[in-house]
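Asks: Counting in UniProt numbering, the sequence shown runs from 1 upward without gaps.
Each residue gets a CB set at the ideal place from its N, CA and C atoms; glycine is no exception.
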Amino acid sequence: MAQYKEVFVELNELTMDKNQELQWKETARWIKFEEDVEEETDRWGKPHVASLSFRSLLELRKTISHGAVLLDLDQKTLPGIAHQVVEQMIISDQIKAEDRANVLRALLLKHSHPSDEKEHSSHFPRNISAASLGSLVTHHHNANHAHQPEPSVTDPLMGGGHAVGETDIHIDMEKNDVQQKEPAVVSGMHRSKSKHELKLLEKIPENAEATVVLVGCVDFLEQPTMAFVRLQEAVELESVLEVPVPVRFLFVLLGPPNSSMDYHQIGRSISTLMSDKRFHEAAYLADDRHDLLNAINSFLDCSIVLPPSEVGGDELLRSVARFQREMLRKREELEVKLLAKEPKSLKDKEALLTPLKKSDDPLERTRRPFGGLVRDVRRRYPKYLSDFKDALNSQCMAAVIFIYFAALSPAITFGGLLGEKTDGLIGVSELIVSTAVQGVIFCLLGAQPLLIVGFSGPLLVFEEAFYSFCKENNMEYLTGRVWIGFWLIIIVTLTVAFEGSFLVRFVSRFTQEIFSFLISLIFICETFIKLGRIFKEHPLKRCSVDNGTDWERHGGECHPAAVTTLGEPNTALLSLVLMAGTFFIAFYLRKFKNSAFFPGRLRRVIGDFGVPIAILIMVLVAYNLSDTFIQKLSVPRGFSVTTPAKRGWLINPLGSDGNFPIWMMFACCLPALLVFILIFMETQITTLIVSKKERMLVKGSGFHLDLLLIVVLGGTSAVFGLPWMAAATVRSVTHVNALTVMSKAVAPGDKPRIQEVKEQRVTGLLVSILVGLSIVIGDLLRQIPLAVLFGIFLYMGVMSLNGIQLTERMMLLLMPPKYHPDHSYVRKVRTLRMHMFTCIQVVCLAVLWAVMSTQASLAFPFVLILTVPVKMFLLPRIFTAREMACLDADDAEPKFDERECQDEYSEMRMPV
Numbered sequence: 001m002a003q004y005k006e007v008f009v010e011l012n013e014l015t016m017d018k019n020q021e022l023q024w025k026e027t028a029r030w031i032k033f034e035e036d037v038e039e040e041t042d043r044w045g046k047p048h049v050a051s052l053s054f055r056s057l058l059e060l061r062k063t064i065s066h067g068a069v070l071l072d073l074d075q076k077t078l079p080g081i082a083h084q085v086v087e088q089m090i091i092s093d094q095i096k097a098e099d100r101a102n103v104l105r106a107l108l109l110k111h112s113h114p115s116d117e118k119e120h121s122s123h124f125p126r127n128i129s130a131a132s133l134g135s136l137v138t139h140h141h142n143a144n145h146a147h148q149p150e151p152s153v154t155d156p157l158m159g160g161g162h163a164v165g166e167t168d169i170h171i172d173m174e175k176n177d178v179q180q181k182e183p184a185v186v187s188g189m190h191r192s193k194s195k196h197e198l199k200l201l202e203k204i205p206e207n208a209e210a211t212v213v214l215v216g217c218v219d220f221l222e223q224p225t226m227a228f229v230r231l232q233e234a235v236e237l238e239s240v241l242e243v244p245v246p247v248r249f250l251f252v253l254l255g256p257p258n259s260s261m262d263y264h265q266i267g268r269s270i271s272t273l274m275s276d277k278r279f280h281e282a283a284y285l286a287d288d289r290h291d292l293l294n295a296i297n298s299f300l301d302c303s304i305v306l307p308p309s310e311v312g313g314d315e316l317l318r319s320v321a322r323f324q325r326e327m328l329r330k331r332e333e334l335e336v337k338l339l340a341k342e343p344k345s346l347k348d349k350e351a352l353l354t355p356l357k358k359s360d361d362p363l364e365r366t367r368r369p370f371g372g373l374v375r376d377v378r379r380r381y382p383k384y385l386s387d388f389k390d391a392l393n394s395q396c397m398a399a400v401i402f403i404y405f406a407a408l409s410p411a412i413t414f415g416g417l418l419g420e421k422t423d424g425l426i427g428v429s430e431l432i433v434s435t436a437v438q439g440v441i442f443c444l445l446g447a448q449p450l451l452i453v454g455f456s457g458p459l460l461v462f463e464e465a466f467y468s469f470c471k472e473n474n475m476e477y478l479t480g481r482v483w484i485g486f487w488l489i490i491i492v493t494l495t496v497a498f499e500g501s502f503l504v505r506f507v508s509r510f511t512q513e514i515f516s517f518l519i520s521l522i523f524i525c526e527t528f529i530k531l532g533r534i535f536k537e538h539p540l541k542r543c544s545v546d547n548g549t550d551w552e553r554h555g556g557e558c559h560p561a562a563v564t565t566l567g568e569p570n571t572a573l574l575s576l577v578l579m580a581g582t583f584f585i586a587f588y589l590r591k592f593k594n595s596a597f598f599p600g601r602l603r604r605v606i607g608d609f610g611v612p613i614a615i616l617i618m619v620l621v622a623y624n625l626s627d628t629f630i631q632k633l634s635v636p637r638g639f640s641v642t643t644p645a646k647r648g649w650l651i652n653p654l655g656s657d658g659n660f661p662i663w664m665m666f667a668c669c670l671p672a673l674l675v676f677i678l679i680f681m682e683t684q685i686t687t688l689i690v691s692k693k694e695r696m697l698v699k700g701s702g703f704h705l706d707l708l709l710i711v712v713l714g715g716t717s718a719v720f721g722l723p724w725m726a727a728a729t730v731r732s733v734t735h736v737n738a739l740t741v742m743s744k745a746v747a748p749g750d751k752p753r754i755q756e757v758k759e760q761r762v763t764g765l766l767v768s769i770l771v772g773l774s775i776v777i778g779d780l781l782r783q784i785p786l787a788v789l790f791g792i793f794l795y796m797g798v799m800s801l802n803g804i805q806l807t808e809r810m811m812l813l814l815m816p817p818k819y820h821p822d823h824s825y826v827r828k829v830r831t832l833r834m835h836m837f838t839c840i841q842v843v844c845l846a847v848l849w850a851v852m853s854t855q856a857s858l859a860f861p862f863v864l865i866l867t868v869p870v871k872m873f874l875l876p877r878i879f880t881a882r883e884m885a886c887l888d889a890d891d892a893e894p895k896f897d898e899r900e901c902q903d904e905y906s907e908m909r910m911p912v
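1) Work out the CA separation of T831 and M815 for me, nearest whole Å.
2) Within the same chain, show all residues whose beta-carbon is closer than 8 angstroms to that of P644, passing over the 5 residues directly before and after it, in chain order.
3) Do the segment 274 to 294 and the segment 38 to 49 meet, that is, are 3 or more Cβ pairs less than 8 angstroms apart?
4) For M397, which three-state DSSP category applies?
5) Entirely within the segment 266 to 312 and at least 4 residues each: give me those alpha helix (DSSP H) ranges in chain order.
6) For Q223, which option in S468, V243, P256 and R230 has the closest C-alpha, if you only look at C-alpha atoms?
7) Assign R226 to one of three DSSP states: helix, strand, or coil.
8) Under three-state DSSP, which class holds T15?
9) If we ignore side chains and look at the alpha-carbon of each, how far apart do F414 and C525 end up?
10) Are the beta-carbon atoms of V442 and L709 separated by less than 7 angstroms?
11) Using the three-state DSSP reduction, which class does K32 fall into: helix, strand or coil?
12) Using the three-state DSSP reduction, which class does R248 fall into: helix, strand or coil?
13) If you compare alpha carbons, which of F502, S717, H735 and T582 is closest to L451?
14) Alpha carbon to alpha carbon, how far is D42 from A82?
15) Going by DSSP, which residues form a beta bridge with L231?
16) What's the call for Y263, buried or exposed, on a 16-neighbour Cβ count within 10 Å?
17) Taking 8 angstroms as the cut-off, does the segment 795 to 802 touch the segment 517 to 537 (at least 3 CB pairs, one atom from each stretch)?
18) Taking 7 angstroms as the limit between beta carbons, can you name the residues of its chain near E467, skipping five residues before and five after?
19) Kindly indicate the opening and closing residues of the alpha helix (DSSP H) around L708.
20) Measuring CB atoms only, is the segment 486 to 497 touching the segment 670 to 685, in the sense that at least three cross pairs come out at less than 8 angstroms?
21) Would you tell me roughly how many angstroms separate the C-alpha atoms of F249 and F228, rounded to the nearest one?
22) With H, G and I counted as helix, E and B as strand and the rest as coil, what does DSSP make of residue 928?
23) Residue range of the alpha helix (DSSP H) that M89 falls in?
24) Just list the residues that DSSP pairs V9 with in beta bridges.
25) Looking at the structure shown, is T422 part of a helix, part of a strand, or coil, going by DSSP?
26) Here's the rule I'm using: 16 or more other beta-carbon atoms within 10 Å means buried, otherwise exposed. How should M16 be labelled?
27) Look at the Cβ atom of A407, then the Cβ atom of V771, and state whether they are nearer than 7 angstroms.
28) How would you label W663, buried or exposed, when you count the other beta carbons within 10 angstroms and need 16 or more for buried?
29) Classify residue 920 as buried or exposed, calling it buried when 16 or more other Cβ atoms lie within 10 Å of its own Cβ.
30) Would DSSP call P539 helix, strand or coil?
31) Considering only the alpha carbon of each residue, which of L654, E6, L273 and F790 lies closest to K203?
32) If you measure between the beta carbons of C396 and K758, is that distance less than 7 angstroms?
33) Output the boundary residues of the beta strand (DSSP E) element that contains M742.
34) Measuring CB to CB, does F251 end up less than 7 angstroms from N102?
35) Where does I491 fall in DSSP's three states?
36) Determine the closest residue to V719 out of L253, L766 and S656, with distance taken between C-alpha atoms.
What follows is the structure in C-alpha cells.
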C-alpha cells in the first residue's frame, strides 16, 4: 500500500508550436491552488481556488468508468508507461490496433513549459522524448493502404536525424519490451537546475510526488480514449515536468476534435481532484476503478453547483463558503462515525487516538519529591550544546538587536516609575543590574531560554503598595523585601518539591487572555501616561520679542537670550512625533515583510530589522533637531545605586539600625505569597503561551525548573536591594516571534506557516549582557530620546494583542453579525452568547484594573487568581459544555474532541 504524500499536479495540453508541430504544452499547475498560464504573455497568473463546471465532472466520471485504469504499474520510463497505456486502451476497445503507433507517438511528444524560453544558458535540448506529429495523419492514412507498411514505432521520434544528447527509444511489440539506449552525451542529461526551478521547488512540499495530466484532441481517433495510471513507485520522467519531481500518477485523455467533450475542462477537473487531499488519499489506496468512482462521488457530495444568475459579490461568496462548511462538517462527522464503528485493527484504532494524546507532558505529575524538576533537567539538558549551535543564524543576530531595545526600554521606563514610587530606593540602576544578572543566569541554566526575564506592570503595582504600607507603619522597605525574598525561596522550594506547577492546568484560556490583555494594556497605557506628562510639563507657549530682547526656549519656558530663536519649537509635539514615528515605522516594516515589493530575502531582512531601523531613523531625526529640547534616556554613570545617600548594594536583614520588628520577619510570608502568585502566574502563563503547539517547538519546556530559578534568583536579589523578576509575557512573545522561521514551501496563494523556531540560549544571553553593558555605553544611549523608547513600548503592547481571542471578540462587539470573520467560535456559538462570554471577561479585566489602580492594589494577585474559580464554577452554570469547549478551547480537559473546535492556526479547506 502506497504511503500518502503531498502532491504537485501539472496539466499539459496538445498545442501547435511556432514550427507547426504538435507538442505537450504546460497550461496550468496545482500545488494547492490553481495557477494558469496567460496565453497572451505566457506568464503565470495569480493563484486561485479552482472553479469547475459540473458537466466536466460528470464527463470525467463517465470516462473513468469506461476507460483504462492501471494501478501499481511497474514501469520506470515514459516509453514503457506509454506502451502499457496503449495496450490497455486496445484491450478496453477504446482505440483500434492500427492506432497503436499514432497514440504512442502522441504520448511521446516533447513537453514545453513557460520557463523554457528563459533558459538560454542550456546548450542541450531540454526534451529527449519528442516527435513531430505533423506526419501522424499521413501515417494513419498510409496504414489504410495494403501496399503501404504500417509505420514503425522504432522510427526516430524527433522527425529526422538524432540531436546531440538524444535518447533512442525502441519498443518491441511482440516481446512487450522497452529498450532505451544511453545518450551519446551524458552531460546533456544532467543539466543544472535553473533559477526558476529552484524557486518553484521551494514552494513544493518536501517529498512531494507529481501527477501528470495529458489532454488534447487528435484527428486519427474516432472516439475519446482515457487512461488513469498509478505507478508502483514514483519515478522522475526526464523533461516531462518543469521541475524534477518524481511522478506517481498519470492521466491521459485523447479524442477527436468533433467530440462534445471539453478536454481542457476535464483536464482541470482531474487536476483539481488530484490536488484535493481526500481524493488524493483515495487514489493512493484505490484497489480498482470503483474506489476512484466512489472518491469522485464523495467529492461531488461536497461540491456546490451555482445556478446561472446575475447575483455576485461578497454576499455570494459568503453564502457559498457557509454552505460548503456545512457540507464538509457532515462529511467529517460521517467519517469519524465510520472509523469509530469499524477500526481495521487494534493498531489502527490506537493510531487514531494517538494525535489526541500529549506526549511527554511537562506538567504530568510523577508523585515523587522533586520528580518534575528531575524530569525537566533530564529532558532539556541533553540538548544543551545544540542551544549554542542553533544560534549561528542571521535571524538570531537581528533578534538580539531588537530584543535588546525591547528589554532596555521597559528597564528604563519601569525603573523610572519604580524610582518615583519608592522615592529613589530602587530605580533605573537597580533594574538594569537585576535584568542583566538574572537574565544571564537564567539563560545559562533555564529549561526554556526563549523566555525573557524582566520587570512587569503587576510587580510594579505590588512594589508601590508594599512601599506605601512600610512607609505608613514606619518600617524599612528594603529590609522587608529581604525577608520577603527569604520566604519566596521557602515557598518555591515547597511548591517544586510537591510539583505544584501542575496547578497551571487550571489556568485556562479564560484567565490567560485576561492576564495577557492586562499586561499589553499596561504597556500601552504607560506609554500615553508618560507622553501626557510631557505635554503637561512642556506646554506650547509663544515666545515673543519685547523691547528688543531676544528669547530662547528651555524646558517649555521663555528666557532672555543673546541669540534670537526662530520659530516655535515644542518639546511635547516633538516627543509625539518621535513616539508615533518609531511605532509606525516598526509596525509597517513588519507588515512589509509579507508585501509584494522586492525579493523575499530582502523583505525578510527589512522585516526582521524593522525595530532597529525605526530606532535609528528617529534618533537621527532627533539629533538633527538641536533647537528643540527633548528628554533623553537617563542611564546611570558607572556602577552605582540610584540614590547612594539612602542605601548601598547590600541590605542588612535586621535593618539599618538593627531594630527591624521580629513579628514582621514572619509576617512577610503573606506579601511573599502575593509576590509568588504574581511570579507564578506570569511565568507559567508566559511559558504556556510560548510553548503552544502551533509554534512547533521541539526541545520542550521545564515549568518546575524555570519557576525555581526565577524565584530563587529574585529572592536572593532582594539581599542586594534589586527588584524581583518574572518571565515577561510581552517581551518573551516578541522574542519568540523574532526567532520564528516561516516555511518557504508554501503553495502560491497560500499563507506562510511556521516552519520552526530557533530554540537556543545565545540571543537571550547576549541581550542580558548588552543590557548590563548599557551602563558602560551610557554616553551613546544618552543620545536616544525617551520618546523613541515610548514608541517601542507602544509597539510591543499593540503587537502582543494580536492572536488574543479576547481582542478579536471585543472587536466583534462593535461589528454587525454579517461582517463577523470565519472563526470556529463564531460559527458554533450564538452571537449573543459569545458577546456574553466576552463581557464577563471584560468585567473581570475592569475589576483587575480597578484593584490595581487603588489602595487595594496589594490584593491584586488574589483577585487575579479568583478568575480561575470564576471560570471553573460560575461559567459552566451560564454556558453549555459545547460553548465552553469552543470559547475556552485551551482547557486542560476539554469536554469535546479538539477537532471540533479548531483555532485560527488550523488548516481550513478551501471551497472548490
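Replies: Working from what's here:
1) 11 angstroms
2) There are no such residues.
3) no
4) Looking at M397 - three-state DSSP - the assignment turns out to be helix.
5) 277 to 285 and 289 to 301
6) Nearest to Q223 by alpha-carbon distance, out of S468, V243, P256 and R230, is P256.
7) The question names Arg, but residue 226 is Met in the sequence shown. Strand, per DSSP.
8) strand
9) 13 angstroms
10) Note that residue 442 corresponds to Phe in the displayed sequence, not to Val. The answer is yes: Cβ separation under 7 angstroms.
11) Note: K32 maps to coil in three-state DSSP.
12) strand
13) H735
14) 29 angstroms
15) Answer is L73, bridged to L231.
16) buried
17) yes
18) Residue 467 is actually Tyr in this sequence, not Glu. Once the five neighbours on either side are set aside, the close Cβ partners of Y467 are K421, T422 and Y477.
19) F703 to S717
20) yes
21) For the pair F249 and F228, the Cα-to-Cα distance works out to about 8 angstroms.
22) Lying before the first or after the last residue shown, residue 928 is absent from the chain, which here runs from 1 to 912.
23) L78 to I91
24) W30 and T211
25) Annotated three-state conformation of T422 is coil, per DSSP.
26) exposed
27) yes
28) The residue in question, W663, is exposed, as its Cβ has fewer than 16 Cβ neighbours within 10 Å.
29) Nothing can be reported for residue 920, as the shown portion of the chain is limited to 1 through 912.
30) coil
31) E6
32) yes
33) T740 to M742
34) no
35) helix
36) S656
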